[in-house]
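Numbering (this note's numbering) for the sequence shown: 374 to 530.
Glycine included, each C-beta is placed from N, C-alpha and C at the ideal position.
Each remark here refers to the structure printed beneath this line.
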Amino acid sequence: MKKNRRVCIGGTFDRLHKGHKALIDKAFEIAGENGWVFIGITKGEIANKKKDVLPFNKRIQDVKKYLKEKGFYSQSEIQPIYDKYGPSIEGDFDAIIVSPETEKVAQEINMIRRKKGKKPLEIINIPFVLAEDDSPISSTRIRKKEINQEGHLLEKD
Numbered sequence: 374m375k376k377n378r379r380v381c382i383g384g385t386f387d388r389l390h391k392g393h394k395a396l397i398d399k400a401f402e403i404a405g406e407n408g409w410v411f412i413g414i415t416k417g418e419i420a421n422k423k424k425d426v427l428p429f430n431k432r433i434q435d436v437k438k439y440l441k442e443k444g445f446y447s448q449s450e451i452q453p454i455y456d457k458y459g460p461s462i463e464g465d466f467d468a469i470i471v472s473p474e475t476e477k478v479a480q481e482i483n484m485i486r487r488k489k490g491k492k493p494l495e496i497i498n499i500p501f502v503l504a505e506d507d508s509p510i511s512s513t514r515i516r517k518k519e520i521n522q523e524g525h526l527l528e529k530d
């Protein structure tokens, strides 16, 4: 595997959970020791499509805290993104890390990059991280109080 790669990931990162952390960890693994990771966090209309999403500043703070805990912060750039592509179309990236939920967007990004004469990104798809009930951990399920951020089932009232 090549080292010193420029990798991008993006998402809402609402209620930072085990699935988000797996995505972030994979991005830094692929980037390598001297690589770099761009993390786009949705802001504005695209984030507000989802109900009860935490404010942007809280979401970015949670991601930064995790990056610092893991020792990744100095190899990262975090910026707001206002659409599903962010800078991935024009940016100088080698790879994009996605989940099954976002793989289609990465394919769209590569189609647009090719049309613009840019090299396509290597698409690295990581599987969903599953909760105790073998369903994917998601911010929606956490907001609905079905599971916690580690994927443990919460008791119904």
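Given 8 angstroms, three or more beta-carbon pairs between the segment 438–447 and the segment 459–475: Verdict: no, contact absent.
The segment 415–425 / the segment 491–508 touching (three or more Cβ pairs under 8 angstroms): Pairwise C-beta distances place the segment 415–425 out of contact with the segment 491–508, as fewer than three of them are shorter than 8 angstroms.
Look at the Cβ atom of residue 437, then the Cβ atom of residue 451, and state whether they are nearer than 8 angstroms. In this structure, residue 451 lies closer than 8 angstroms to residue 437 by Cβ.
Quick one: Cα of residue 403 to Cα of residue 376, how far? In a straight line, the C-alpha of residue 403 is about 7 angstroms away from that of residue 376.
Given that a residue counts as buried once 16 or more other Cβ atoms are within 10 Å of its Cβ, and exposed if not, what is residue 525? With a 10 Å radius around the Cβ and a threshold of 16 neighbouring Cβ atoms, residue 525 comes out exposed.
Which of helix, strand or coil DSSP assigns to residue 440: Helix.
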